[in-house]
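*Asks:* Numbering-wise (my numbering), the sequence shown opens with residue 952 and increments by one.
Glycine is no exception: its CB is placed at the ideal position from the N, C-alpha and C atoms.
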Amino acid sequence: MSNITFTMIKPDAVRNNYIGPILAKINQAGFKIVAMKFLKITKEQAAQFYIVHKDRPFYNELIEYMSSGPIVAAILEKENAVEDFRKLIGATDPAKAEPGTIRKEFAKSIAENAIHGSDSNENAIIEANFFFSQLERF
Ligand code: IDP
Ligand code: MG
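1. Here's the rule I'm using: 16 or more other beta-carbon atoms within 10 Å means buried, otherwise exposed. How should Gly-971 be labelled?
2. Tell me which residues share the same chain as Ala-1042 and place their Cβ nearer than 6 Å to its Cβ, disregarding the 5 neighbours each side in the sequence.
3. Identify whether Lys-1022 lies in helix, strand or coil by the three-state DSSP scheme.
4. Output the distance between the C-alpha atoms of Ser-1071 and Val-1033, rounded to the nearest integer angstrom.
5. Only counting the same chain, and skipping five residues up and downstream in sequence, which positions put a Cβ closer than 6 Å to that of Ser-1069?
6. Could you spell out the range, first to last residue, of the beta strand (DSSP E) harbouring Ile-984?
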């Protein structure tokens, strides 16, 4: 069954001019772009988006980083979207990511790791709703 996942091309990848190459890999892997925007989020929005990590030692660093520059946010659709997209982006730590994955190719550190991918169908819906109204989906 076709379902959705949510992604962000993170500030480091935008700064490094990787928007184009990352979108090419996403399209090549068979994901349909349902919604997309280029925007900069505030610290408060980053803190809310990553609230599940509030007790982790890297929470403040994560908020600073995610609000440090523009990101590309998108909803993607594909059969088995969440799991297949996590495979395409690779492990959180790019040093541990498989060859050919987006994080292996475009990320330099576990903190600034180029891209986000939802970890469950439930979170994909929550995250998509955080960024997009129904009028912005096609
Ligand atoms: P994920 O993005 O692969 O799902 P999570 O564990 O959900 O990884 O962490 C969310 C984000 O927090 C990561 O993508 C990364 O940007 C950052 N992060 C995760 N672990 C660390 C860490 O150990 N140090 C610094 N930043 C981290
Ligand atoms: Mg996660």
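*Replies:* Let's see:
1. Position 20 of the sequence shown, counted from the start, is the residue given in the question as residue 971. Exposed.
2. For the purposes of this step, residue 1042 is taken as the residue at position 91 of the sequence shown. Take Ala-1042, set aside five residues on each side of it, and the residues of its chain with a beta-carbon closer than 6 Å to its own are Ala-1048, in chain order.
3. Position 71 of the sequence shown, counted from the start, is the residue given in the question as residue 1022. Correcting the residue type first, residue 1022 is Ile in the shown sequence and not Lys. Strand.
4. For the purposes of this step, residue 1071 is taken as the residue at position 120 of the sequence shown. For the purposes of this step, residue 1033 is taken as the residue at position 82 of the sequence shown. Using only the alpha carbons, I get a separation of about 6 Å.
5. Residue 1069 sits at position 118 when you count from the first residue of the sequence shown. Result list for Ser-1069: Thr-956, Phe-957, Val-1033, Ala-1075, Glu-1078, in chain order.
6. Translated into the one-based positions of the sequence shown, residue 984 becomes position 33. Going by DSSP, Ile-984 is part of the beta strand (DSSP E) stretching over 983–990.
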